[in-house]
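Have a look at the structure below, then the notes.
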Amino acid sequence: GQEEHLMGRAGLVGDEIGSALLGGRLVRDVMRLCFLMERQYAPYLKWFGTAFARLACAPEFTDTLQRALTSVTWQARQDALVPAYEALARMHNRLGVTNPMPENARWFFGRPFQVIALHGFADALIERIEDPHVRGIAQKRPIGSIDLFSDNTDFLESTNLRSAVRDLYQ
Numbered sequence: 034g035q036e037e038h039l040m041g042r043a044g045l046v047g048d049e050i051g052s053a054l055l056g057g058r059l060v061r062d063v064m065r066l067c068f069l070m071e072r073q074y075a076p077y078l079k080w081f082g083t084a085f086a087r088l089a090c091a092p093e094f095t096d097t098l099q100r101a102l103t104s105v106t107w108q109a110r111q112d113a114l115v116p117a118y119e120a121l122a123r124m125h126n127r128l129g130v131t132n133p134m135p136e137n138a139r140w141f142f143g144r145p146f147q148v149i150a151l152h153g154f155a156d157a158l159i160e161r162i163e164d165p166h167v168r169g170i171a172q173k174r175p176i177g178s179i180d181l182f183s184d185n186t187d188f189l190e191s192t193n194l195r196s197a198v199r200d201l202y203q
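First residue of the sequence shown: 34, per the working numbering; consecutive thereafter.
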């Protein structure tokens, strides 16, 4: 969502290192969504790729994600990521958890960056949350779970930080 267009924007101004870093983050986001949609635990980074390879969807994603990680230009990274975005949209639609969503990437407000999140997947999911309390949390702070803003093992396992983290969702 928030970073899809930034990979291309960094590359467009000549920052291919920044673009590559963002591309790697987008690859990780795609992989995390695959784990989520297959209802499988996403392990910490040491085992992330190994576990990903065992997902049912891995054959559809592996080559394109590898290309995104090894591309030297933002355009090539985008060309590799767009099919992954579109495959994610198809996976989402097969789950039937929202009304069918568009499955094709589109241009980011007329700029040369293709994205899929503009279609509103997160909003469509939030609309389907039945519990009013949980929906209120999601609408107020759509930040996702704790592992989306930190993958630091010490932080994730620190019981004394849980009340502070809980405050993020209040």
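Using N, Cα and C, we set each Cβ at its ideal position, and we do this for glycine too.
query: Could you give the C-beta distance for M40 and Q111, rounded to a whole number, given that I count them as a contact under 8 Å?
result: Contact between M40 and Q111 is confirmed by a C-beta separation of about 7 Å, below the 8 Å threshold.
message: Quick check: what's the CA-CA separation for E119 versus L55?
response: 19 Å
- request: Could you check if E190 is buried or exposed, using at least 16 other CB atoms within 10 Å of its CB as the buried criterion?
  value: exposed
message: My output table needs one value for V130: the three-state DSSP class, helix, strand or coil.
response: coil
Nearest candidate by alpha-carbon position, reference G44, set A109, S183, I179: A109
Assumed close pair P76, A84 - CB separation to whole angstroms, cut-off 8 Å: 5 Å
- prompt: Looking at L59 and E36, is the spacing between their C-beta atoms short of 8 Å?
  reply: In terms of Cβ geometry, E36 and L59 form a close pair [threshold 8 Å].
- request: Look up V148 in the DSSP assignment and say whether it is helix, strand or coil.
  value: The answer is strand: DSSP assigns V148 an E or B state.
- request: Starting from M140, follow its DSSP beta bridges and name the residues at the other end.
  value: The sequence given here places Trp at residue 140; Met does not occur at that position. Q147.
task: Could you spell out where the alpha helix (DSSP H) holding T83 opens and where it closes?
output: 78 to 86
query: Is G47 helix, strand or coil by DSSP?
result: coil
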